[in-house]
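Numbering (my numbering), first residue to last: 9 to 97. Think of the CB as a built atom: it goes at the ideal place given N, C-alpha and C, for glycine as much as any other residue.
Here's what the structure looks like:
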């Protein structure tokens with residue numbers, strides 16, 4: 009059984025429509041079987057599960073890191089004992 013991964017994308021706010029459109033395009037170009045979750049805000053977070061299922065690969069992470077920053081996107085394994093890690097940044 010393969011553990012499903014979930015991509016968390018952290019952003020301070022969603023006011024920049026250009027960034028949101030680029031984010032949508034990146035996710036659309038990396039369709040797969042993993043969930044994507046947008047986490048907005050600082051201490052008062054808003055969590056939004058995105059409709060796209062995405063492919064968890066280095067190309068996707070690199071594109072997201074270029075868009076929103078290196079510390080703001082990470083994969084988390086739902087079954088971490090299967091993979092042996094909590095996050096890959």
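- Just so you know, the alpha carbons of residue 16 and residue 62 end up roughly 11 Å apart.
- Scanning its chain for C-beta atoms nearer than 8 Å, with the 5 sequence neighbours on each side dropped, one finds around residue 34 the residues 68, 71, 72, 75, in chain order.
- With respect to the 8 Å criterion, residue 45 and residue 57 are classified as neighbours on the basis of their beta carbons.
- DSSP places residue 63 outside both helix and strand once states are collapsed to three, so it counts as coil.
- DSSP places residue 37 outside both helix and strand once states are collapsed to three, so it counts as coil.
- Taking C-beta atoms as the reference points, residue 14 and residue 43 count as a pair closer than 8 Å.
- For residue 60, same chain residues with a beta-carbon under 6 Å away, outside a window of 5 residues either side, are 35, 44 in chain order.
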